[in-house]
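Colleague: Here my numbering is used: position 205 in the sequence shown is 266, and no number is missing along the way.
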Amino acid sequence: MFKWFSLVALLFVVIALNVSQSNRQGLPNFNQLIQTSSPAVVKIDSVQKIIGTGMTQMNERNIPDMFREPHEGSRAGEAHATGSGFIISGDGYVLTNEHVVENAHEVIIRLIDRREFEAKVIGIDHRSDLALLKIDAQDLPKINFADPDKVKVGDWALAIGSPFGLDYSVSAGIISAIGRSIPTENGDNYVPFIQSDVAINPGNSGGPLLNLDGEVVGINSQIFTHSGGSIGLSFAVPAGVAVDVVSQLKSKGRVDRGWLGVYVQEVDKSLARSSGLTKTQGAHVAQVETGSPADVAGIRAGDIILYFDNEEIIESGDLPHVVGLLSPGSQIKAQLIRGKKKKTLDVIVGTLPDGLNP
62 MFKWFSLVAL
72 LFVVIALNVS
82 QSNRQGLPNF
92 NQLIQTSSPA
102 VVKIDSVQKI
112 IGTGMTQMNE
122 RNIPDMFREP
132 HEGSRAGEAH
142 ATGSGFIISG
152 DGYVLTNEHV
162 VENAHEVIIR
172 LIDRREFEAK
182 VIGIDHRSDL
192 ALLKIDAQDL
202 PKINFADPDK
212 VKVGDWALAI
222 GSPFGLDYSV
232 SAGIISAIGR
242 SIPTENGDNY
252 VPFIQSDVAI
262 NPGNSGGPLL
272 NLDGEVVGIN
282 SQIFTHSGGS
292 IGLSFAVPAG
302 VAVDVVSQLK
312 SKGRVDRGWL
322 GVYVQEVDKS
332 LARSSGLTKT
342 QGAHVAQVET
352 GSPADVAGIR
362 AGDIILYFDN
372 EEIIESGDLP
382 HVVGLLSPGS
392 QIKAQLIRGK
402 KKKTLDVIVG
412 TLPDGLNP
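#1: Helix, strand or coil for E133? Go by DSSP, reduced to three states.
#2: Exposed or buried, I235, counting other C-beta atoms within 10 Å across all chains shown (16 or more means buried)?
#3: How big is the Cα-Cα spacing for D317 and S391?
#4: Please classify L332: does DSSP put it in a helix, a strand, or coil?
#5: Check each candidate in I360, S189 and V212 and name the one with the smallest Cα separation from Q283.
#6: Report the option in E373, L386 and P253 whose CA atom is closest to the CA atom of W320.
#7: Determine the extent of the alpha helix (DSSP H) in which K313 is found, giving its start and end residues.
#8: Please check the pair K195 and G153, which I expect to be a contact at CB under 8 Å, by giving their CB distance rounded to whole angstroms.
#9: Just how far apart, CA to CA, sit G411 and S308?
#10: Thinking just about the alpha-carbon of each residue, which of D186, D258 and I170 is nearest to the one in D197?
#11: Round the Cβ separation of F296 and I255 to the nearest angstrom and send it over; I've been treating them as touching at under 8 Å.
#12: When the distance is taken between beta carbons, is F369 closer than 8 Å to I393?
#13: Alpha carbon to alpha carbon, how far is N92 from W217?
#14: Could you check which residue in I204, T157 and S107 has the C-alpha nearest to that of H166?
#15: Have a look at H345, I360 and V304 and flag the residue whose alpha-carbon is nearest the alpha-carbon of G279.
#16: Assign D258 to one of three DSSP states: helix, strand, or coil.
#17: Pull up the DSSP beta-bridge partners for I284, would you.
Rendered as structure tokens:
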């Protein structure tokens, strides 16, 4: 009997050791990644103008984003805000969030070796909340962008930044979802946000969200919280959007994006049944702006857009994501349901006017 129990005990020990070894092999070691990537991450201090109440002159946006709370400052006419960023080229280009440098009359970038540089704002893009900065330096370490098509739910992700001014703090987690729509004061944002459970706090704004290869999959931008701190719901601007914004800001100092000119709603079960659809999918056109590209192409209120430029529209928020990333002047096809009939229309994408949605 004793020998039998001994064998069982030994079996449990072997199983436990195997599981432990498996866990150690399966969990990543971030040491090398942090050492390699941290030198390209920067701390950003911006000096912003104050409106008479002692708050910085920042535009509050109707989204769940604790990063965009106004910062208290002295009443002497200026206030200081802290954020993060990262170097994208050896000649001194730095990417961060627009709200980190919004209305700033001075932007100071601090490198990991404690050198400080005054940055020039090359351009900002309000819709993606991105800003491109430039410092006068050469041969700087940089971080490359990841292939956006390879980012998958469940991938490991790591953030480096300055939460609450604590520079070069690191947090890790996984990609929770991709293609998230977050409402703005103008409606659905065209940015298909990456959601993660990486701990992000005020001061992480503009810092990189990295994969295990040390590539940028997103730019940490927003959190959803009722407490002011991280609750595991953070959102990053995806690399694909960032690459396009950087290219345009470098070349012309502004960002032009596609425009269709429709207001859309979700397709509910009742509408899906009456339209002959087997599931709720697509974007239900509630209104078409007169003279817009949609109007010219023959899209009507009541249509359900299922595909746009060969991209499937699963829910209404997918449409502005697809349209906004298209170059103005692009000729594409829109596949839709009108009544119970399928139609394909040719659309020439317009240029998104200021203050409107894609």
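Think of the CB as a built atom: it goes at the ideal place given N, C-alpha and C, for glycine as much as any other residue.
Modeller: Based on what the coordinates show:
#1: Because E133 carries a pLDDT of 41, less than 50, the predicted location of this residue cannot be relied on, and the following value inherits that uncertainty. Strand, per DSSP.
#2: With fewer than 16 other CB atoms across the displayed protein chains lying within 10 angstroms of its CB, I235 is exposed.
#3: 12 Å
#4: helix
#5: Nearest C-alpha to Q283: S189.
#6: L386
#7: A300 to K313
#8: 5 Å
#9: 19 Å
#10: Its Cα nearest to that of D197, the residue I170 stands out among D186, D258 and I170.
#11: 7 Å
#12: yes
#13: 14 Å
#14: S107
#15: V304
#16: coil
#17: S295
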